[in-house]
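Structure first, commentary second.
In the UniProt record's numbering, the protein residues as written are 1 to 80.
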């Protein structure tokens, strides 16, 4: 899968879909190695902006289990 964000370089970059239930949520992951620097990115993409906190806690736990990313680093972005 490739995604493109308007604020970033317009080239497409690879991402991996770690989880998708096709009704509520998907988890997308990307890692980047640049010389000695290794960075990891993950997004929890929900269809419904009113997802329950319990559901989001479970999704954050899934991300931590599979990527090692600390769930405390996530921030909620409002839907438009």
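Where is the CB? At the ideal position from N, CA and C, for every residue including glycine.
Quick check on DSSP: helix, strand or coil for residue i?
| i | result |
| --- | --- |
| residue 66 | helix |
| residue 78 | coil |
To the nearest angstrom, report how far apart residue i and residue j are at their CA atoms.
| i | j | result |
| --- | --- | --- |
| residue 23 | residue 29 | 19 Å |
| residue 74 | residue 55 | 14 Å |
Comparing alpha-carbon positions, which option in the options lies nearest residue i?
| i | options | result |
| --- | --- | --- |
| residue 60 | 33, 42, 37, 36 | 42 |
| residue 21 | 48, 14, 33 | 48 |
Bridge partners of residue i, per DSSP?
| i | result |
| --- | --- |
| residue 26 | 20, 45 |
| residue 56 | For residue 56, which the question treats as bridged, DSSP gives no partner whatsoever. |
Counting only the same chain and skipping the five closest in sequence on each side, list residues whose C-beta sits under 8 Å from that of residue i.
| i | result |
| --- | --- |
| residue 16 | 1, 28, 29, 30 |
I'd like the list of long-range same chain contacts for residue i, defined as Cβ closer than 6 Å, with 5 residues on each side in sequence excluded.
| i | result |
| --- | --- |
| residue 69 | 40, 42, 63 |
| residue 44 | 27, 59 |
Please report whether the beta-carbon of residue i lies at a distance below 7 Å from any beta-carbon of chain B.
| i | result |
| --- | --- |
| residue 39 | No chain B appears in this structure, which consists of one protein chain only. |
Might you give, ordered along the chain, the residues of its own chain that have their beta carbon closer than 7 Å to the beta carbon of residue i, omitting 5 neighbours on each side?
| i | result |
| --- | --- |
| residue 52 | none |
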